[in-house]
Amino acid sequence: MTTIDERSTDTIAVENPRTGQIIAHLPALSRQQVMDAFAHARRAQRQWARTPVEQRVKIVMRLHDLVLAKQAEIVDIIQSETGKNRASAFDEILDVVVTARHYGKKAPKLLSRSRAKGALPVLTKTRVDHAPIGVVGIIAPWNYPLTLTLSDAIPALLAGNAVIVKPDPKTPLSAIESEKIAREAGLPEGLYTILTGHADVVGQTIVHNSDYLMFTGSTKTGRILGTQAGERLIGYSAELGGKNPMIIARDADIDRAVRGTIDGCFSNSGQLCVSVERIFVHRAVAQRYTEKLVQAVEALTIGGGGWEENIGSLISAEHADRVMDFVDDAVRKGARMLTGGRRPDLGPAFVAPIVLVDVPEDAHMYREEVFGPVVYIETVDDEDQALAKANDSEYGLNASIFASPRRGWELAQQVEAGTVNINEGFAAAFGSVDAPMGGWKSSGLGRRHSDYGLLKYTQARTIAQQRLVPVSGPKGMDKHTYAQVLSTVLRWGKRVL
Ligand code: NAD
Numbered sequence: 001m002t003t004i005d006e007r008s009t010d011t012i013a014v015e016n017p018r019t020g021q022i023i024a025h026l027p028a029l030s031r032q033q034v035m036d037a038f039a040h041a042r043r044a045q046r047q048w049a050r051t052p053v054e055q056r057v058k059i060v061m062r063l064h065d066l067v068l069a070k071q072a073e074i075v076d077i078i079q080s081e082t083g084k085n086r087a088s089a090f091d092e093i094l095d096v097v098v099t100a101r102h103y104g105k106k107a108p109k110l111l112s113r114s115r116a117k118g119a120l121p122v123l124t125k126t127r128v129d130h131a132p133i134g135v136v137g138i139i140a141p142w143n144y145p146l147t148l149t150l151s152d153a154i155p156a157l158l159a160g161n162a163v164i165v166k167p168d169p170k171t172p173l174s175a176i177e178s179e180k181i182a183r184e185a186g187l188p189e190g191l192y193t194i195l196t197g198h199a200d201v202v203g204q205t206i207v208h209n210s211d212y213l214m215f216t217g218s219t220k221t222g223r224i225l226g227t228q229a230g231e232r233l234i235g236y237s238a239e240l241g242g243k244n245p246m247i248i249a250r251d252a253d254i255d256r257a258v259r260g261t262i263d264g265c266f267s268n269s270g271q272l273c274v275s276v277e278r279i280f281v282h283r284a285v286a287q288r289y290t291e292k293l294v295q296a297v298e299a300l301t302i303g304g305g306g307w308e309e310n311i312g313s314l315i316s317a318e319h320a321d322r323v324m325d326f327v328d329d330a331v332r333k334g335a336r337m338l339t340g341g342r343r344p345d346l347g348p349a350f351v352a353p354i355v356l357v358d359v360p361e362d363a364h365m366y367r368e369e370v371f372g373p374v375v376y377i378e379t380v381d382d383e384d385q386a387l388a389k390a391n392d393s394e395y396g397l398n399a400s401i402f403a404s405p406r407r408g409w410e411l412a413q414q415v416e417a418g419t420v421n422i423n424e425g426f427a428a429a430f431g432s433v434d435a436p437m438g439g440w441k442s443s444g445l446g447r448r449h450s451d452y453g454l455l456k457y458t459q460a461r462t463i464a465q466q467r468l469v470p471v472s473g474p475k476g477m478d479k480h481t482y483a484q485v486l487s488t489v490l491r492w493g494k495r496v497l
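Quick note on UniProt numbering: the sequence shown kicks off at 1 and runs consecutively.
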């Protein structure tokens with residue numbers, strides 16, 4: 001599906017954001033082409049569902065090895081279409097590898113038939129199967145073009161599904177590469193297909209034909225797709241926007257907090273769903289923290305493209321303009337920029353990381369997600385105030401707390417977010433793939449990672465065998481007597497079962 005065929009009437013152009021140069025033209029597929037891909041996927045899936053899980057695991061483990069072996073060329077591709085710094089591109093490799101290994105090890109147990117308590121003790125034997133759903137549609141954004149396609153596909157494939165992906169039109173190349181690597185790993189054709197093109201044609205045809213929809217992107221689109229999935233009564237999981245807070249408590253280790261702020265706010269130039277955009281710092285440490293943070297931000301290297309580069313390009317000049325519009329609006333309304341805001345002459349979409357204070361509540365960026373290298377600091381009188389402000393948001397994706405471990409755990413339990421990191425920006429929770437990751441409130445629906453991240457791609461089938469006596473009671477026993485027997489069993493069962 002990655003070459004232009006005779007039915008493609010349109011193309012998409014892929015740009016290298018560092019240079020503004022067009023680096024590829026790819027087909028914008030038609031509705032019919034997407035429908036054909038679904039027909040193909042459905043045929044392949046029927047066979048795949050019969051393939052033993054152990055065999056699926058072998059392929060995913062080969063994929064794990066190949067991604068590690070080919071990491072340099074994959075990172076080059078990711079950088080070429082996103083402009084991100086090399087370390088952030090490598091994070092995508094790590095994520096795929098860790099996800100493949102985690103689910104590769106867990107899938108056989110998760111997918112094996114499990115026992116459940118029966119309707120009637122001893123007399124009912126109940127077991128639960130997890131069957132694949134069919135064809136899973138994945139609609140992905142541009143910020144992590146490998147991770148948010150392949151890592152989400154891995155558990156779906158292990159569960160016996162086929163997967164059809166629409167990458168963002170700005171970043172299809174990493175996803176296309178992942179399709180090639182999956183084939184090289186031995187994944188049969190038709191099971192993992194990347195379809196390039198526009199949201200209204202390719203995206204919508206996927207929404208209308210998949211048996212489960214996994215979406216990562218903006219809250220606005222997430223709501224639309226959620227409505228459509230609801231109309232079709234298909235399962236839907238969505239990882240959406242965030243306005244993620246960080247709390248710096250009075251007893252925080254300030255040097256560690258500064259390092260954590262750099263990682264938490266400026267990884268991938270802040271174009272990260274779990275990125276920190278609001279910092280609430282205790283008054284007692286605010287000045288020391290802020291001075292050290294500004295110093296550390298000013299020491300970050302921008303441009304170059306190699307491992308030494310801390311800050312890469314944003315995804316596009318338009319996005320950089322949008323980020324600066326947020327900042328200009330805040331500054332016009334009274335915010336002070338402590339550092340950053342230059343547009344270094346390295347390419348059309350570079351922005352030097354920005355730290356602001358005094359951002360007023362009526363500034364758009366006070367509550368809205370900027371999705372760029374921008375953070376504001378607000379001084380608070382105590383941690384209760386910090387918590388109240390952290391939770392005062394329509395979003396609830398990720399949060400970060402710098403504090404002594406004891407204080408950190410106390411505060412973490414009061415944060416309204418899907419992941420809370422103590423003494424780390426986001427990587428501790430996001431990297432814990434055995435634990436659920438996803439959003440509260442307008443930040444999402446469903447979870448990736450954890451057992452749920454695989455089981456959501458399955459249909460549960462409960463099989464219950466009734467032995468000796470029917471559930472409605474033994475032959476010849478009148479209803480009243482049976483009701484009394486059941487009541488006795490229930491009373492006894494409350495204590496014993
Ligand atoms: P977006 O919602 O505009 O687009 C995401 C994807 O959806 C793209 O592939 C796009 O082509 C497609 N799409 C858009 N409208 C569609 C429609 N009507 N039908 C079918 N497909 C459609 O988001 P974006 O601007 O590309 O990504 C940035 C946003 O994504 C940010 O708000 C960010 O917070 C969020 N995000 C969240 C996570 C997370 O894990 N929570 C991760 C990355 C990005």
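Quick reminder that beta carbons are idealized off the backbone N, C-alpha and C, glycines included. Computed from a prediction, not measured in an experiment: that's the story for all the values here.
Backbone secondary structure at residue i - three-state DSSP
i, result
"residue 44", "helix"
"residue 25", "strand"
"residue 18", "coil"
"residue 411", "helix"
"residue 370", "coil"
"residue 471", "coil"
"residue 479", "helix"
"residue 405", "helix"
"residue 196", "coil"
"residue 124", "strand"
"residue 224", "helix"
"residue 446", "coil"
Outcome for residue i when other beta-carbon atoms lying within 10 angstroms are tallied against a minimum of 16
i, result
"residue 239", "buried"
"residue 95", "buried"
"residue 295", "exposed"
"residue 487", "exposed"
"residue 532", "Here the chain has residues from 1 to 497 only, and residue 532 is not among them."
"residue 43", "exposed"
"residue 481", "exposed"
"residue 35", "exposed"
"residue 496", "exposed"
"residue 233", "exposed"
"residue 200", "exposed"
"residue 152", "buried"
"residue 48", "buried"
"residue 255", "exposed"
"residue 79", "buried"
Nearest-angstrom Cα separation, counted from residue j out to residue i
i, j, result
"residue 194", "residue 175", "7 Å"
"residue 266", "residue 118", "52 Å"
"residue 345", "residue 235", "46 Å"
"residue 21", "residue 183", "30 Å"
"residue 280", "residue 90", "30 Å"
"residue 447", "residue 304", "36 Å"
"residue 149", "residue 214", "10 Å"
"residue 75", "residue 306", "11 Å"
"residue 139", "residue 492", "51 Å"
"residue 380", "residue 216", "33 Å"
"residue 427", "residue 121", "45 Å"
"residue 3", "residue 319", "For residue 3, the predicted model reports a pLDDT of 45, less than 50, meaning its position is unreliable and no value from the coordinates is stated."
"residue 155", "residue 185", "16 Å"
"residue 415", "residue 391", "6 Å"
"residue 423", "residue 341", "27 Å"
"residue 453", "residue 56", "17 Å"
"residue 324", "residue 315", "14 Å"
"residue 366", "residue 243", "9 Å"
Terminal residues of the beta strand (DSSP E) in which residue i lies
i, result
"residue 402", "398 to 402"
"residue 354", "354 to 357"
"residue 462", "458 to 466"
"residue 114", "114 to 116"
"residue 180", "Per DSSP, residue 180 belongs to no beta strand (DSSP E); it is in the alpha helix (DSSP H), 173 to 184."
"residue 534", "Residue 534 is absent from the model: the chain starts at 1 and stops at 497."
"residue 338", "336 to 339"
"residue 383", "Taken as a continuous stretch (DSSP letters only), residue 383 belongs to no beta strand (DSSP E), being part of the alpha helix (DSSP H) at 383 to 391."
"residue 244", "244 to 248"
"residue 207", "Residue 207 -> not in any beta strand (DSSP E); alpha helix (DSSP H) instead, spanning 204 to 209."
Start-to-end residues for the alpha helix (DSSP H) that takes in residue i
i, result
"residue 213", "First-last for residue 213: 212 to 216, but that is the beta strand (DSSP E), not the alpha helix (DSSP H)."
"residue 108", "86 to 111"
Residue i at chain D interface by Cβ criterion, 9 Å
i, result
"residue 60", "No chain D is part of this structure, which consists of one protein chain only."
beta-carbon residue i near the ligand NAP non-hydrogen atom, thresh 8 Å
i, result
"residue 440", "This structure simply doesn't include the ligand NAP; it includes the ligand NAD instead."
Suppose only complete runs of 3+ residues qualify. What are the beta strand (DSSP E) ranges in the region 250 to 316, listed by chain order? If we require 3 residues or more, the beta strand (DSSP E) runs fully inside the region 250 to 316 come out as 276 to 282.
Please specify which runs of the alpha helix (DSSP H), each continuous and at least 4 residues long, are wholly inside the region 129 to 173, giving them in chain order. Runs of alpha helix (DSSP H) with 4 or more residues, each lying fully within the region 129 to 173, are found at 152 to 158, listed in chain order.
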